[in-house]
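Novice: In our numbering, the protein residues as written are 10 to 313. Note that CB positions come from ideal geometry on N, CA and C, so glycine has one too. Just so it is clear, the structure is predicted and the values come from calculations on it, not from any experiment.
1) Can you find at least 3 beta carbon pairs, one from the segment 243-255 and one from the segment 270-282, that sit closer than 8 Å?
2) Distance, Cα to Cα, residue 301 vs residue 23?
3) Please confirm whether residue 212 and residue 179 have their CB atoms less than 8 Å apart.
4) Would you kindly work out how many angstroms separate the C-alpha atoms of residue 56 and residue 78, rounded to a whole number?
5) Compute the beta-carbon to beta-carbon distance between residue 48 and residue 147, rounded to the nearest angstrom, for a pair I have assumed lies under 8 Å.
6) Compare the C-alpha of residue 197 against each of 140, 280, 292, 277 and name the closest.
7) Round the Cβ separation of residue 227 and residue 130 to the nearest angstrom and send it over; I've been treating them as touching at under 8 Å.
8) Go through its chain and collect everything with a Cβ distance to residue 127's Cβ below 7 Å, but skip five positions before and after it.
9) Using a Cβ-Cβ cutoff of less than 8 Å, which residues in the same chain neighbour residue 310 once the five nearest sequence positions on both sides are dropped?
10) Quick one: Cα of residue 106 to Cα of residue 294, how far?
11) How should residue 123 be labelled, buried or exposed, when 16 other C-beta atoms within 10 angstroms of its C-beta is the threshold for buried?
12) Could you have a look at residue 239 and say whether DSSP puts it in helix, strand or coil?
13) Between the C-alpha atoms of residue 19 and residue 62, what's the straight-line distance to the nearest angstrom?
14) Runs of 4 residues minimum, wholly inside the segment 24-96: which ones carry the alpha helix (DSSP H) assignment?
15) Should residue 72 and residue 44 be called a contact, given that it needs their Cβ atoms to be closer than 8 Å?
16) Between the segment 29-39 and the segment 78-94, do three or more beta carbon pairs fall short of 8 Å?
17) May I ask you to report which of helix, strand or coil DSSP gives residue 112?
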């Protein structure tokens, strides 16, 4: 079924708040209730509205909180850390620190996390390196993984296309360039004119535009694979995990999801058909049904 609501209608009943923590300011679109928190983490170049179609229905079992990552949307743009992958603080870890600071600010000892693409990479970092702060994770077409290449090939051509369309849209954020970038996420359809204009408004802001250029320079640097999580690290995950994937994901296909399911103890697996890299937007009803069922299956394990 085609989703016909505008962003405004989808976001009725939500609140947009700006949380100022020690090092970051985070824009958060959320529904405040008495359920356990569920942080919704968008992909690279994205923004909180990535989850605009999901907040209302997810609020049945959780307190959904869709944030803008630092350097994205309307959150702050701190200096990038120059630490290397082997150090405790590096630029990708700054995303994790943003979440941890926000959790401390809101007195949340543990949270559930759904991460799409880049967001999945950060959810992995939380589950692997800060397990005491995580109640459960959903890996939604997650990036930042290094799996057995004999089982899971990586789509190098698709990554080159992502780099080209991203930098082109940032250099000249025209409607055409931004639509092409969004169609990389959703080649099967789903890009609306409203979404193009929202992305244009955000990517035309000089602080965001400048920060995203630096983000993509680092993301496509020759050493980026040194930041990926390998199978040994992923196998250490002990929290309840849902691997939520698609049959048309442009980076890692369903074989990556199957492999993650195999190596993460007691994980659940769901493959969404006819979707690419934004399943929560492409098929919101199916996405939300699967997430709500997963959250419900955990009972009261998550700290309130």
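Specialist: Let me spell this out:
1) yes
2) 18 Å
3) yes
4) 7 Å
5) The pair is not a contact, with the Cβ atoms about 10 Å apart (cut-off 8 Å).
6) 292
7) Not a contact, Cβ separation roughly 13 Å.
8) 52, 53, 152
9) The pLDDT assigned to residue 310 is 48, lower than 50, so where the model puts this residue is not dependable; a value taken from the coordinates is nonetheless given after this. Excluding sequence neighbours, residue 310 sits near 144, 145, 249.
10) 31 Å
11) buried
12) strand
13) 6 Å
14) 64-67
15) yes
16) yes
17) helix
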